[in-house]
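J.: One structure, as structure tokens, below. Some questions next.
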Amino acid sequence: MKNRAWSQFCENRWAVAGLIILGIIHAAALFADFLAPYSFSNEERTYSYAPPSKIHFRDEQGSLVPPFVYGAEIKFDEYRRRIYQDKADEKYPLSFFVQGDKYKILGLVPTTIHLFGVKEPGRIYLWGADSRGRDLFSRLLHGARISLSIGILGVAISFSIGLLVGGIAGYYGGKTDDIIMRICEMFMMFPGFYLLLALRAVVPPNFNSIQVYLAIVVILSFIGWASLARVIRGMCLSLREREFVLAAKTMGLSDLRIIIRHILPHTLSYSLIAVMLSIPGYILAESSLSLIGLGIQDPYASWGNLLAEAMGIVQIKFAPWILLPGFFIFITVMCFNVVGDALRDVLDPKTSQ
Amino acid sequence: MLVELRGVKKHFAAVGAQNKVIKAVDGVDLVIKQGENLGLVGESGSGKTTLGRLILKLYDADAGSILFEGQDWAKLSSRELRPLRRKVQVVFQDPYNSLDPRFSIRAVLAETFLGQKLTKAAQEQRMKDMLKSVGLDEQALNRFPHEFSGGERQRIAIARSLLMNPKLLILDEAVSSLDVLIAAQIIELLKDLQAQYQVTYLFITHNLRVVKKLCQKIAVMNSGRIIEMAKTDDLFQQPLHPYTQELLSAALSYRSPKVETVYQFGEKSVLIDHGNGHFVVK
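Dropping the structure here:
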């Protein structure tokens, strides 16, 4: 049955592509320190809005040489805007496994090795630089960590709550069910984004970045659990009449044990679909918060606050690469939705033939 | 006296109609004695399954009392009740639904040891012994419910129930979904197990022939009431109520009952003793 579902899933090309892309993005986020040439806060202000570095494979004579980048000569035009030009006499060869900013692999092993980079004072900007001369590529990778982990962590918390609350409401039914469901509806009644803003306003302004991060996770989970609880409750209402549940009850198992061991596992395929389809919501919510400056604060990067730089038309015109975070948000959300839809087609007995 | 029911009632709200109730069980007095198997017979909708679930305390009675070994479970808190529950176990009709499909047979059976202090080895041994007594191989432990036939699953369900060391085992249409041969085997098995495990059966069924082999006493139910109750032989030889007669002739001639008579009972209709423990409703 599992294999059938999997092969059916694999028939959906889009879903497989989506899954692969998600895999790549998540792996990149996990090893961001190593893959990125710089740390998220490594800045070089003279390189404000430096364009993406051109990597050259041929020298002036046209013969093939190891890849290198030119140093930059900075001039100003009449509007005091920076113009970057290659310095022909300054070449920085691109090398792999180079020394760079300190970090810890997966937060454990301290090291300074990065996948690629150039020797100081040369700088490599694969996808351009932001206003303070920080490498956008590096910041995107580091931002992916925060944006993606908020999605996963938020979903994990709100689903634990949703499953348990929905399970309890559905299993006991009657008054318990009524009370819990009315509370759920109260949460669902408020427009999500305004509730988000209101809750964010409650968080003290002197929180450090980790506390803000956690606060955002908690706030997002706080809003998200109700809708899941509702669906799980509906499923539990029918599951509790199943005879293996009744048998467990006559055996004197505790209610919580029955809910967790015998009822909730049967809602698993639905939960999996719901998880897939609700992660994008969390990513978008974090991005929106950060975009308007209420989320992750500089110098920490998230896709939302990276995109916040692209709020002015001037910046977009002269440094269009700062829109890249938006592109990544879009791709990730798309992939989660495509994969979630495919999962629903495969796992949900109501839609599958 | 193992179980004693006094004036037990259970009404359900009818779906879609307000102020209308379905009187699933409507004033039942019943006594189950230790070692005396009782067959509870009636057509579908007669309230026999509800009665079984009331005894199991899966439902709360609306009126009347159910005493188990002289104790009224309705007066206990759920904490006090839970350890007692193991004394009454059940085997359901649908063998495909009564075992959690996600659990291996080992996990299904191991759940019966919760709250008991038994070593893993002792548990394993008890599970194997029990599987043997219900006629299954010990290899079954590592398999999952969907790998078994209906009859085998019913054996597993019986094994699970008996591992709880119950005083009363309620068999709710336990052989109704099995074919005749398998059903007969299960009945034989139940007879064999009774002596070994000192358990009393409450056999709920619509099939009189099945009950005849296993039960010493039969109660016939209709419209939420017990309309006739007698020793098995007496009932088969001399059924007094017309509904019982109809049920019997249907059972013996392999045909469905002629008319689906709905019997109305007033508050005053009571069971009248016709001697020798033979009761009929007036």
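Going line by line, the protein sequences match chains B and H.
According to the working numbering, the first sequence is numbered sequentially starting from 66.
According to the working numbering, the second sequence is numbered sequentially starting from 1164.
Where a beta carbon is used, it is the ideal one built from N, C-alpha and C, also for glycine.
Here the structure is a predicted model, which is why all the values come from computation and not from measurement.
1) Pick from 190/B, 178/B, 128/B and 166/B: whose alpha carbon is nearest that of residue 149/B?
2) Counting only beta-carbon atoms, is residue 1262/H nearer than 9 Å to chain B?
3) Based on Cα-Cα distance, which residue from 260/B, 363/B, 335/B and 199/B lies nearest to residue 228/B?
4) Measure from the alpha carbon of residue 195/B to the alpha carbon of each residue in 109/B, 183/B, 153/B and 238/B, then state which is nearest.
5) Beta-carbon within less than 6 Å of residue 1414/H's beta-carbon, same chain only, minus the 5 sequence neighbours each way: which residues are those?
6) For residue 1189/H and chain B, any beta-carbon pair shorter than 9 Å?
7) Taking residue 1392/H as part of the alpha helix (DSSP H), name the residues at either end of that continuous run.
8) May I ask you to report which of helix, strand or coil DSSP gives residue 1282/H?
9) Which one of 1220/H, 1408/H and 1262/H has the shortest CA to CA distance from residue 1321/H?
10) Are any of the Cβ atoms in chain B nearer than 9 Å to that of residue 1289/H?
11) Along the chain, where does the alpha helix (DSSP H) that runs through residue 86/B open and close?
12) Rank 1253/H, 1416/H, 1334/H and 1445/H by C-alpha distance to the C-alpha of residue 1367/H and give the top, closest one.
13) Are any of the Cβ atoms in chain H nearer than 9 Å to that of residue 418/B?
14) List the endpoints of the continuous alpha helix (DSSP H) containing residue 242/B.
15) Mind pulling the chain B residues with CB within less than 7 Å of residue 1454/H?
16) Applying a beta-carbon distance threshold of less than 7 Å, which residues of chain B neighbour residue 1252/H?
17) Starting from the Cα of residue 1306/H, find the closest Cα among 1316/H, 1384/H and 1395/H and give me that residue.
18) With DSSP collapsed to three states, give me the class of residue 405/B.
19) Measuring CA to CA, which of 97/B, 115/B, 236/B and 116/B is closest to residue 423/B?
20) Where does the unbroken alpha helix (DSSP H) through residue 1206/H begin, and where does it stop?
21) Just how far apart, CA to CA, sit residue 1203/H and residue 324/B?
22) Quick check on residue 315/B: buried or exposed, where buried means 16 or more other Cβ atoms within 10 Å of its Cβ?
23) Quick check: the Cα distance between residue 392/B and residue 152/B, rounded to an integer number of angstroms?
24) Using a beta-carbon distance below 9 Å, is residue 319/B in contact with chain H?
25) Could you pull out every residue in the same chain whose Cβ sits closer than 8 Å to the Cβ of residue 1300/H, ignoring the five residues on either side in sequence?
26) So with CB distances below 7 Å, who are the chain H contacts of residue 307/B?
27) I'd like to know whether the C-beta of residue 330/B is nearer than 9 Å to at least one C-beta of chain H.
28) Can we say the stretch 118–126 of chain B touches the stretch 1180–1194 of chain H, given the rule of at least three CB pairs closer than 8 Å?
29) Between the alpha carbons of residue 1183/H and residue 1172/H, how many angstroms are there, rounded?
30) Closest Cβ-Cβ distance between residue 1257/H and chain B: below 9 Å?
31) Taking one C-beta from the stretch 237–252 of chain B and one from the stretch 269–282 of chain B each time, how about it: are there three or more such pairs within less than 8 Å?
32) The alpha helix (DSSP H) spanning residue 1240/H covers which residue range?
33) Would you decide whether residue 1342/H is buried or exposed? Buried here means 16 or more other CB atoms lie within 10 Å of its CB.
34) Give the single residue among 1248/H, 1175/H and 1444/H whose Cα lies nearest to the Cα of residue 319/B.
35) How many angstroms separate the CA atom of residue 339/B from the CA atom of residue 405/B?
36) Counting contacts by CB-CB distance shorter than 9 Å, is residue 1277/H in contact with chain B?
T.: Quick look at the numbers:
1) 190/B
2) yes
3) 335/B
4) 109/B
5) 1371 and 1372
6) no
7) Per DSSP, residue 1392/H belongs to no alpha helix (DSSP H); it is in the beta strand (DSSP E), 1388–1394.
8) coil
9) 1262/H
10) no
11) 78–95
12) 1334/H
13) Note that residue 418/B scores a pLDDT of 41, beneath 50, so its modelled location is shaky and nothing firm can be said.
14) 239–254
15) This structure cannot speak to residue 1454/H, because chain H is shown only from 1164 to 1445.
16) 315
17) 1316/H
18) helix
19) With chain B running from 66 to 418 in the structure shown, residue 423/B is simply not present.
20) Unbroken run through residue 1206/H: none, as it is neither H nor E.
21) 32 Å
22) buried
23) 32 Å
24) yes
25) 1294
26) 1260
27) yes
28) no
29) 16 Å
30) yes
31) no
32) It is not in any alpha helix (DSSP H) - residue 1240/H carries neither H nor E in the DSSP assignment.
33) exposed
34) 1248/H
35) 8 Å
36) yes
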